[in-house]
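A.B. asks: In our numbering, the protein residues as written are 132 to 682. Quick reminder that beta carbons are idealized off the backbone N, C-alpha and C, glycines included.
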């Protein structure tokens, strides 16, 4: 028996040894120190390459291919939790959104928002727990979510649109239907009730107020008696423009809580600090501006009283508000009403942010009124801010103002439009910089109501080569469009005027050569006659341009 055991033991050891030898790598394939790290690095490089390929598909607008590639980011990685897994959900959702697969896009975003810390929302500090910043994908995901749900709502029923509208308004921290109020959660009979609270009552309070309740902060007594609570709620209801909605809320909760005292308000549990911060618009954290802009777009799509919403946006004053104000200015301008014009004029006059004032000035071209024309004219005349002057020039170029003004006596060609005269005055104003004067000349040249011949008397009053060059830039555009032979002939005479500088003569030659009647054959013959090298070069350029145009 012992011999049998001994033989089996040796046989087992021998087989084990043979197995090890058979499995051992050849000498050339012996493991190298750090091979595991190199393999891991290769995997990471493959992950990066796979993700970048998918992103390139997005940039190329190959959205169907992008969907497959972002799915591969999640499914083909040997790593249990791929590095770009959360990003793949976002970008696949974006690709599906662009393809019109809205339901699937929304589902992907929901998976991202629920399942990954990269898309977690921010949290304010609570007690000993510190504040938490939003995940790096949170704001982008919310913005895309607004876009997707806005499209879905436009295809669905009114309830979908209403829910989206309310969430968008909450994101913007405004309420289109209750100006001057915020909706605030309160505990009533063990249930959460939302009540309208006057914003003005809260915004006057300093942040340093250390109150335990909303009632204390507003100077209200702690309503120990049910009748006191009833009176307070009634005052809120009477002061709110949404009285019927408030009464409906109360009636609903009376039915739900018929066995308890509804009027007993637990003020201590009211979320005072959050309400105060929201109402005073001094938020602990700021939603990414892309989210806010998407919310504003959603509100504009479904809200009837858009101007009221936009006024609410302009009333904001926090770290998030400037970009929203700029966007609101454009939306207000597109309303095209007298009310909208008044709002923009007020912004130009009083807004604290220069960028917002600039946006408002840029939009004044949409209005045909005397007031709109005057603010552009006065800005160009009086401002010493180069950017504002440039904005005024561009707005005057596009101005829809149809009023006429009396131009200078030398304006032989009937330039009576007020916007044109304002630009011409700026071009002739020696106190302004050469670049502003040049921009004004070019702006006149881009207007459709000014003929090429109008630039001849303007040219005669200029002594700067740069400004004269701008005149011929405008003339070149005009003579091509109008086929004005007389103005083209005038440009040719300047080109061969030896008293003018070479730079001006080059510009004049180019303006003349652009006339449709100037042929390649004529330019070739002229080339032989020209003695000045710089004009010969201009003739060569003109020949190539005309030959290219003719072909």
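Can you check which of these residues, 177, 577, 466, is closest to residue 497 by C-alpha distance?
C.D. replies: Numbered from its first residue, the chain shown carries residue 497 at position 366. Selection 177, 577, 466 evaluated against residue 497 yields 466 as nearest (Cα-Cα).
A.B. asks: Three Cβ pairs or more, each shorter than 8 Å: is that satisfied between the stretch 226 to 246 and the stretch 202 to 215?
C.D. replies: Contact between the stretch 226 to 246 and the stretch 202 to 215 is absent, because fewer than three Cβ pairs lie under 8 Å.
A.B. asks: With DSSP as the reference, please indicate the residues paired to residue 442 in a beta bridge.
C.D. replies: On the chain shown, position 311 is the one that residue 442 refers to. BP columns for residue 442 are empty, so no partner.
A.B. asks: From this set, 582, 580, 586, 579, which residue's C-alpha is nearest residue 559's C-alpha?
C.D. replies: Counting from one through the chain shown, the residue named residue 559 turns up at place 428. Measuring from the Cα of residue 559, the nearest candidate turns out to be 586.
A.B. asks: Rounded to whole angstroms, what is the Cα-Cα separation between residue 530 and residue 519?
C.D. replies: Stepping through the chain shown from its first residue, residue 530 is reached at position 399. Stepping through the chain shown from its first residue, residue 519 is reached at position 388. Approximately 16 Å, taken between the alpha carbons.
A.B. asks: Compare the Cα-Cα distances from residue 472 to each of 602, 491, 455 and report the closest residue.
C.D. replies: Locating residue 472 in the chain shown gives position 341, counting from the first residue. Ranking 602, 491, 455 by Cα distance to residue 472 puts 491 first.
A.B. asks: Closest by CA to residue 439, which one among 463, 457, 448?
C.D. replies: Within the chain shown, the letter at position 308 stands for residue 439. Residue 463 is the option with its Cα nearest to residue 439.
A.B. asks: Whole angstroms are fine: how far does the CA of residue 512 sit from the CA of residue 655?
C.D. replies: As a first step, residue 655 must be located in the chain shown, where it is residue number 524. As a first step, residue 512 must be located in the chain shown, where it is residue number 381. Approximately 47 Å between the Cα atoms of the pair.
A.B. asks: Confirm, please, whether the CB-CB distance from residue 197 to residue 226 is below 7 Å.
C.D. replies: By 1-based counting over the chain shown, the position of residue 226 is 95. By 1-based counting over the chain shown, the position of residue 197 is 66. Cβ distance < 7 Å, so residue 226 and residue 197 count as in contact.
A.B. asks: State the DSSP-derived secondary structure class of residue 428, mapped to helix, strand or coil.
C.D. replies: Looking up residue 428 in the chain shown gives position 297. If DSSP states are grouped into helix, strand and coil, residue 428 belongs with the helices.
A.B. asks: Below 8 Å on the Cβ atoms is my contact criterion, and I expect residue 574 with residue 525 to pass it. Report the Cβ-Cβ distance as a whole number of Å.
C.D. replies: Counting from 1 along the chain shown, the entry for residue 574 is found at position 443. Counting from 1 along the chain shown, the entry for residue 525 is found at position 394. Going by Cβ atoms, the distance from residue 574 to residue 525 rounds to 7 Å, so yes, they are a contact pair.
A.B. asks: Have a look at 295, 210, 627 and flag the residue whose alpha-carbon is nearest the alpha-carbon of residue 664.
C.D. replies: As a position in the chain shown, residue 664 is number 533, starting the count at 1. Comparing Cα positions, the closest option is 627.
A.B. asks: Rounded to the nearest angstrom, what separates residue 281 and residue 220 at their Cα positions?
C.D. replies: In the chain shown, residue 281 corresponds to position 150, counting from 1. In the chain shown, residue 220 corresponds to position 89, counting from 1. Distance between the alpha carbons of residue 281 and residue 220: 20 Å.
A.B. asks: Taking the alpha helix (DSSP H) that residue 217 belongs to, which residues open and close that run?
C.D. replies: Within the chain shown, the letter at position 86 stands for residue 217. In the DSSP assignment, residue 217 falls within the alpha helix (DSSP H) that extends over 216 to 230.
A.B. asks: Can you give the beta carbon distance from residue 521 to residue 569, rounded, assuming they're within the 8 Å contact cut?
C.D. replies: Along the chain shown, read from residue 1 onward, the residue named residue 521 stands at position 390. Along the chain shown, read from residue 1 onward, the residue named residue 569 stands at position 438. Wrong, their Cβ atoms sit about 11 Å apart, outside the cutoff.
A.B. asks: For residue 299, count the other beta carbons within 10 Å of its own beta carbon; 16 or more makes it buried, fewer makes it exposed. Which is it?
C.D. replies: Numbered from 1 along the chain shown, position 168 holds the residue referred to as residue 299. Buried, because 16 or more other Cβ atoms sit within 10 Å of the Cβ of residue 299.
A.B. asks: Apply the 10 Å Cβ neighbour rule to residue 397 and answer buried if 16 or more other Cβ atoms are within range, or exposed otherwise.
C.D. replies: By 1-based counting over the chain shown, the position of residue 397 is 266. Caution applies to residue 397, whose pLDDT of 34 falls short of 50 and renders its modelled position unreliable; the value that the coordinates give is listed next. Counting other Cβ atoms within 10 Å of its Cβ, residue 397 stays below 16 and is therefore classed as exposed.
A.B. asks: May I ask you to report which of helix, strand or coil DSSP gives residue 328?
C.D. replies: Here residue 328 refers to the residue found at position 197 when the chain shown is read from its first residue. With a pLDDT of 42 at residue 328, under the threshold of 50, the modelled position of this residue cannot be trusted, and the question is left open.
A.B. asks: Using C-beta distances below 7 Å, list every residue in its chain close to residue 706, excluding the 5 sequence neighbours before and after it, in chain order.
C.D. replies: The question about residue 706 has no answer, for the chain in this structure spans 132 to 682.
A.B. asks: Am I right that residue 265 and residue 252 are in contact with their C-beta atoms under 8 Å? What's the rounded C-beta distance?
C.D. replies: Counted from its first residue, the chain shown places residue 265 at position 134. Counted from its first residue, the chain shown places residue 252 at position 121. Yes, they are in contact, since the Cβ atoms of residue 265 and residue 252 sit about 6 Å apart, within 8 Å.
A.B. asks: Flag residue 241 as yes if its beta-carbon sits less than 7 Å from any beta-carbon of chain D, otherwise no.
C.D. replies: Among the chains in the structure shown there is no chain D, since it carries only a single protein chain.
A.B. asks: Would residue 610 and residue 619 qualify as a contact pair, given that the criterion is a beta-carbon distance under 7 Å?
C.D. replies: Position 479 of the chain shown, counted from the first residue, corresponds to residue 610. Position 488 of the chain shown, counted from the first residue, corresponds to residue 619. The answer is yes: Cβ separation under 7 Å.
A.B. asks: Whose C-beta lies closer than 7 Å to the C-beta of residue 273 among residues of the same chain, with five residues either side of it excluded?
C.D. replies: As a working note, residue 273 is residue 142 in the chain shown. Taken in chain order, the residues that qualify are 422.
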